Amino acid sequence: MLYREAGQFKTSYAADQAIFPILQDRWVFWGFMIIAFVVPPLTGSQYLMGPILTQLLVFGLAALGLNLLTGYAGQISLGTGGFMAVGAYACYNFALRVPELPLVVDIMLGGVCAALVGVVFGLPSLRIKGFYLAVATLAAQFFLTWIFDHVGWFTNYDPAGVASAPSRTLLGSWAEDGGPLGFLAPINVLISGPRATPETKYLVTLAIIVLLALLAKNIVRSSTGRAWMAIRDMDIAAEIIGISPLRTKLLAFAVSSFYCGVAGALYVFTYVGNADTEAFDLVRSFQILFMVIIGGLGSILGAFLGAAFIVLLPVVLNITAATLGEGTLSSDTLSNLELIIFGGAIIFFLIVEPHGFARLWQIGKEKLRLWPFPH
Amino acid sequence: MRVKKLFLSLVASACVLSPITVTHAAEAEQFFPMLVYRTGPYAAGGSGFFGGIEDYYTLLNLRDGGIGGVKLTYEECETAYNSDRGVECYERLKSKGPTGATVVQPLSTGITYRLIERATADKIPVMSMGYGRTDASDGRVFPWIFPIVTNYWSQNTAKIKYIGMKEGGMDKLKGKKIANLYHESSYGKETIPVLDTQAKKYGFEVKHYPVPHPGLDQKATWLQMARQYKPDWVILRGWGVMNPTALKEAQRVGFPAKKIIGVWWSGAEEDVIPAGKAAVGYVAAGFHPSGADFPVIQEILDKVHGAGKGNISPQRVGTIYYNRGLIAGIITAEAMRTAQKKFGTGKSITGEQMRWGMENLNITQARINELGAEGLMSPVKVSCFDHEGGGAVKFQEWDGKKWNVITDWIPTDQGIVRPMIETSAAKYAEEKGIKKRSEKDSHGSDCTVTS
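Those protein sequences? They're chains U and E, same order as listed. So for the first sequence, our numbering puts the first residue at 2; every next one is plus one. So for the second sequence, our numbering puts the first residue at 4; every next one is plus one.
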């Protein structure tokens with residue numbers, strides 16, 4: 002009923018290969034995009050845009066990066082936190098030392114640095130697989146955070162090792178008042194630092210993430226993505242049909258680390274405002290791996306659904322428990338209630354659908370297309 | 004038709020009435036956000052500290068009807084000592100209450116760092132009592148941040164003085180070896196620069212040993228430290244479960260507990276009881292004693308816990324963390340009183356007015372006695388120049404049952420600390436493009452003279 006596909010004919014290959022081949026899906030997608038870009042800034046709620054949505058987007062992007070590596074290319078990694086840290090600290094140093102660069106370029110450069118580091122730590126994947134690879138990437142996690150803890154240059158010699166995001170603009174310092182490109186000053190908004198508005202921070206984060214998610218969707222639909230999946234499903238067979246494991250695996254590490262690096266940079270610049278290595282520790286790597294597992298391996302949408310589950314559900318539970326239980330339950334019980342329900346929810350969803358939310362979504366959609374006349 | 008009319012009139016009356024009821028309910032309340040942590044590896048500290056603050060606010064509400072006719076209200080938000088959740092909680096609570104959050108107390112150096120710029124932009128003061136960013140003591144650069152009572156660097160100078168006393172004079176420190184066992188976080192790293200400076204000044208040797216969060220795995224570190232480096236003293240800069248673990252490991256490798264000096268986040272009952280006999284003789288710093296033999300605590304036990312309104316189990320009243328929370332409550336309440344004296348009683352003050360109150364805070368010994376907290380805390384006097392405002396440390400020894408204070412107030416060495424704070428704050432000001440406040444824009448608080 003909702004999905005009446007009668008009369009939707011594809012007359013070109015391009016139409017047949019569209020990301021959303023069904024018209025209703027396209028409507029929903031564009032409607033969702035308009036809501037995402039328009040509604041939160043209109044509400045003006047700093048709480049909604051900052052800790053809720055920006056945090057969700059940033060971790061969704063990190064989960065997407067890991068999903069490309071683990072879900073599509075089949076390489077397990079526990080170094081996500083480390084790669085995020087590389088992106089964050091690289092972006093911090095570019096922004097601090099080269100203020101002329103537009104912040105968006107700094108963020109991308111942060112991603113590029115993370116990609117290079119990712120390739121180096123991806124080298125063991127050529128020899129080892131599965132859990133052994135997970136242990137090898139664990140080394141990346143510890144080594145990278147150790148470096149940022151102990152080499153003062155990366156944090157500009159801050160005594161507590163905290164990199165605090167400087168105030169930087171969309172187009173860089175040249176386009177500020179008095180600079181050689183001063184005529185651009187009116188559109189040169191602040192993106193980072195305490196004076197940047199939550200609206201700009203949110204919109205910049207959203208725009209970057211929409212573009213990167215689109216890119217990821219197209220990578221996995223291209224020959225690169227098919228090569229990753231071939232390697233994931235059976236690497237010897239993939240090699241026999243002419244896919245180079247060296248190139249494919251390292252490319253997967255590079256692209257995945259790029260996404261994680263950008264997520265780390267956004268975490269520092271548009272979400273929290275500063276960071277130390279505590280924000281990128283092993284717990285973070287696990288958290289992102291859980292997002293991928295709960296969201297669904299090998300799915301772009303799943304990464305964001307998983308991030309929503311891990312990031313937002315505890316907050317929702319906390320608020321609900323605090324509102325409903327105030328006065329009746331002790332504060333200790335309320336705090337622990339969140340952990341109990343959250344743990345229960347993880348077990349429940351993994352029993353109901355071991356392939357994650359993306360699979361639930363897919364089943365739901367299949368049913369909707371047949372509804373109300375399933376055959 | 005009639006139904007529609009009735010509905011419309013109902014809506015209209017609701018619209019007219021609702022602002023009135025809102026203003027009525029919001030009258031004369033002062034809202035305090037509570038970024039608590041009752042779960043996670045540091046829950047012992049979080050539940051004790053916030054239990055103390057909340058009990059004191061409840062006492063003021065029950066006994067005096069609040070402060071100056073203004074009732075104190077608060078709402079908790081669980082952070083689990085996680086910085087991301089801390090930011091989320093801050094954003095959730097910052098605009099609640101009639102005038103928004105009055106003052107934020109994160110009880111976490113990590114969360115304090117996350118909030119420094121946010122709170123400054125939102126005009127909400129941050130009170131990081133005995134923790135947080137040390138160089139924020141320079142109030143000319145950090146107008147909104149108050150590492151009140153004593154900061155980490157000051158505490159550290161007192162600790163070295165104590166070690167000097169035990170060695171028989173500061174000149175005896177020459178050639179001694181001190182190991183700094185620290186929690187690998189912004190909290191733990193905070194004292195590395197001041198220790199290095201002191202090492203140069205007094206000629207002792209210092210080596211820093213990081214322990215990753217949460218601190219349960221220290222076997223290798225202790226082996227290497229105690230067997231190879233063989234320090235004369237160990238400074239334990241731990242937090243939560245790291246502390247009892249360290250004491251047990253020390254016993255295992257045969258390092259005497261009396262040669263371990265804890266910072267004040269390593270010196271509570273919860274830190275030593277799990278270590279059992281291994282903790283006997285261990286010495287820790289503190290800016291207040293434990294115990295419930297103070298009039299103010301007796302009054303809380305009687306009026307708050309007696310009425311069944313306590314925010315913590317009565318057995319924990321009088322523990323180190325509880326008393327620390329209580330002192331934080333006293334300082335907050337006194338700052339609010341100071342602000343009310345200037346801006347008027349009977350109405351809610353804003354964050355900006357609270358900031359003025361904190362900057363002009365002066366808790367004298369006479370006032371402490373009046374509050375029934377004699378011996379519990381030392382006088383505090385804050386100014387624009389000095390957001391620390393206190394500066395003396397006592398040392399206490401664990402005898403297996405309770406903490407015994409073994410020294411008098413040991414003054415900190417501002418000769419070392421203050422120049423370091425000013426250099427560090429100036430560097431921050433330069434990096435962030437902040438102009439130092441001067442007499443003119445300090446609103447009557449002294450920006451130049453050492454207090």
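Glycine residues also receive a C-beta, built at the ideal position from the N, C-alpha and C atoms. If you're wondering where the values come from, they're calculated on a predicted model, not measured in any experiment.
Distance between beta carbons of residue j and residue i, contact taken as under 8 Å
i                 : j                 : result
Phe290 of chain E : Trp267 of chain E : 6 Å
Ser351 of chain E : Val73 of chain E  : 6 Å
Val163 of chain U : Ser188 of chain E : Contact doesn't hold; Cβ gap of about 10 Å is too wide.
Gly332 of chain E : Tyr40 of chain E  : Going by Cβ atoms, the distance from Gly332 of chain E to Tyr40 of chain E rounds to 17 Å, so no, they are not a contact pair.
Phe259 of chain U : Ala116 of chain U : 4 Å
Val3 of chain E   : His186 of chain E : No statement about residue 3 of chain E is possible, as the shown extent of chain E runs from 4 to 454 and does not include it.
Glu81 of chain E  : Thr42 of chain E  : 7 Å
Asp58 of chain E  : Val307 of chain E : 5 Å
Leu191 of chain U : Ala197 of chain U : 4 Å
Leu139 of chain U : Gly80 of chain U  : 7 Å
Gln56 of chain U  : Asp87 of chain E  : 7 Å
Cβ pair residue i, residue j closer than 7 Å
i                 : j                 : result
Gly75 of chain U  : Arg248 of chain U : no
Phe149 of chain E : His390 of chain E : yes
Phe149 of chain U : Phe155 of chain U : yes
Ile70 of chain E  : Ala336 of chain E : yes
Gly1 of chain U   : Glu94 of chain E  : A query on residue 1 of chain U cannot be resolved here, the shown segment of chain U reaching from 2 to 376 and no further.
Ala62 of chain U  : Ala217 of chain U : The sequence as given places Leu at residue 62 of chain U; Ala does not occur at that position. Taking 7 Å as the Cβ cut-off, Leu62 of chain U and Ala217 of chain U do not qualify as a contacting pair.
Ala287 of chain E : Gly321 of chain E : no
Leu251 of chain U : Gly123 of chain U : yes
Lys210 of chain E : Ala182 of chain E : yes
Gly83 of chain U  : Gly112 of chain U : no
Phe128 of chain E : Glu32 of chain E  : The sequence given here has Pro at residue 128 of chain E, not Phe. Not in contact: Pro128 of chain E and Glu32 of chain E (Cβ atoms no closer than 7 Å).
Met77 of chain U  : Leu134 of chain U : Correcting the residue identity first, residue 77 of chain U is Ile in this sequence and not Met. Cβ atoms of Ile77 of chain U and Leu134 of chain U: closer than 7 Å.
Gly328 of chain E : Gly55 of chain E  : yes
Ala376 of chain E : Val299 of chain E : yes
Leu171 of chain U : Asn157 of chain U : no
Ser218 of chain E : Met245 of chain E : Rather than Ser, the amino acid found at residue 218 of chain E in this sequence is Gly. In this structure, Met245 of chain E lies closer than 7 Å to Gly218 of chain E by Cβ.
Ser224 of chain U : Leu70 of chain U  : no
Paired residues, beta bridge with residue i - DSSP
i                 : result
Leu239 of chain E : E:Leu184, E:Gly265
Lys384 of chain E : E:Asn365
Cys80 of chain E  : E:Leu38
His211 of chain E : E:Asn183
Phe398 of chain E : E:Ala288
Val113 of chain U : Partner(s): none; Val113 of chain U has no beta bridge.
Glu32 of chain E  : E:Lys74
Ser165 of chain U : U:Asn275
Val516 of chain E : The structure shown does not extend to residue 516 of chain E, since chain E is modelled only from 4 to 454, so the question has no answer here.
Proximal chain B residues relative to residue i, where beta-carbon distance stays under 7 Å
i                 : result
Pro100 of chain U : The chain inventory of the structure shown lacks chain B, comprising the protein chains U and E.
Worksheet item: Does the segment 268-275 of chain U touch the segment 332-347 of chain U, meaning 3 or more C-beta pairs lie closer than 8 Å?
Response: Not touching, per the Cβ criterion.
Worksheet item: Taking contact to mean at least 3 C-beta pairs separated by less than 8 Å, is the segment 128-143 of chain E in contact with the segment 107-118 of chain E?
Response: When Cβ pairs closer than 8 Å are counted between the two stretches, the segment 128-143 of chain E is seen to touch the segment 107-118 of chain E, the count reaching three or more.
Discussion item. At a CB distance below 9 Å, what residues from the segment 337-355 of chain U approach chain E? Give them in sequence order.
Written reply: Those would be Asn337, Glu339, Leu340, in chain order.
Fill in: Segment contact, 8 Å Cβ cut-off, at least three pairs: the segment 389-398 of chain E with the segment 409-425 of chain E
The segment 389-398 of chain E is in contact with the segment 409-425 of chain E.
Worksheet item: With a cut-off of 8 Å, do at least 3 Cβ pairs link the segment 45-58 of chain E to the segment 269-281 of chain E?
Response: With the cut-off at 8 Å, the segment 45-58 of chain E and the segment 269-281 of chain E touch.
Worksheet entry | At least 3 beta-carbon pairs within less than 8 Å: the segment 101-114 of chain U vs the segment 250-266 of chain U | With a cut-off of 8 Å, the segment 250-266 of chain U and the segment 101-114 of chain U count as touching, because enough Cβ pairs lie within range.
Discussion item. Tell me which residues of the segment 148-166 of chain U have at least one Cβ-Cβ distance to chain E shorter than 8 Å, keeping chain order.
Written reply: Listed by position, the residues of the segment 148-166 of chain U near chain E (Cβ gap below 8 Å) are Asp150, Asn157, Pro160, Ala161, Gly162, Val163, Ser165.
Item to complete: For the segment 114-128 of chain E, enumerate the residues whose C-beta is nearer than 7 Å to any C-beta of chain U, in chain order.
Response: For the segment 114-128 of chain E, which is checked against every Cβ of chain U, the residues closer than 7 Å are Tyr116, Arg117, Glu120, Arg121, Thr123, Ala124.
Worksheet item: When you check each C-beta in the segment 328-355 of chain E against every C-beta of chain U, which residues fall closer than 9 Å?
Response: If you check each beta-carbon in the segment 328-355 of chain E against every beta-carbon of chain U, none falls closer than 9 Å.
Worksheet item: Any residues in the segment 290-309 of chain E with a beta carbon nearer than 8 Å to a beta carbon of chain U? Which ones, in chain order?
Response: Hits within the stretch: zero.
Worksheet item: Contact between the segment 84-104 of chain U and the segment 162-178 of chain U: three or more CB pairs below 8 Å?
Response: In short, these stretches touch, since the Cβ pair count reaches three.
Worksheet entry | Where the segment 194-215 of chain E meets chain U: residues whose CB sits under 9 Å from a CB there | Answer in chain order: Thr194, Ile195, Pro196, Val197, Pro213, Pro215.
Worksheet item: Taking any Cβ of chain U, which residues in the segment 402-432 of chain E have a Cβ under 7 Å from it, in chain order?
Response: Within the segment 402-432 of chain E, Ser427 place their CB atoms closer than 7 Å to a CB of chain U, listed in sequence order.
Fill in: the segment 228-246 of chain U in contact with the segment 25-45 of chain U per 3-pair CB rule at 8 Å
Judged by Cβ distances under 8 Å, the segment 228-246 of chain U makes no contact with the segment 25-45 of chain U, as fewer than three pairs qualify.
Worksheet item: If you measure beta-carbon to beta-carbon, which residues of the segment 21-48 of chain U are closer than 8 Å to chain E?
Response: Residues Gln47, Tyr48.
Worksheet item: For the segment 348-361 of chain U against the segment 293-305 of chain U, are there 3 or more C-beta pairs whose distance is under 8 Å?
Response: With a cut-off of 8 Å, the segment 293-305 of chain U and the segment 348-361 of chain U count as touching, because enough Cβ pairs lie within range.
Worksheet item: the segment 260-274 of chain U: which residues have C-beta closer than 7 Å to a C-beta of chain E, in chain order?
Response: The segment 260-274 of chain U vs chain E, Cβ under 7 Å: Val273, Gly274.
Practice prompt. Output, in sequence order along the chain, the residues in the segment 316-327 of chain U whose CB is closer than 8 Å to any CB in chain E.
Written response: Here the close residues are Val316, Asn319, Ile320, Ala323.
Worksheet item: Are three or more beta carbon pairs between the segment 149-161 of chain E and the segment 303-323 of chain U nearer than 8 Å?
Response: In short, these stretches do not touch, since the Cβ pair count stays below three.
Discussion item. If the cut-off is 8 Å on Cβ atoms, which residues from the segment 189-211 of chain U count as contacting chain E, listed in chain order?
Written reply: Against chain E - using a Cβ distance shorter than 8 Å - the residues of the segment 189-211 of chain U are Gly194, Pro195, Arg196.
Worksheet item: What residues in the segment 93-121 of chain U bring their beta carbon closer than 7 Å to a beta carbon of chain E?
Response: Within the segment 93-121 of chain U, no residue qualifies.
Worksheet item: Quick one, which residues of the segment 166-184 of chain U are near chain E if we go by CB-CB under 8 Å, in chain order?
Response: Answer in chain order: Pro167, Ser168.
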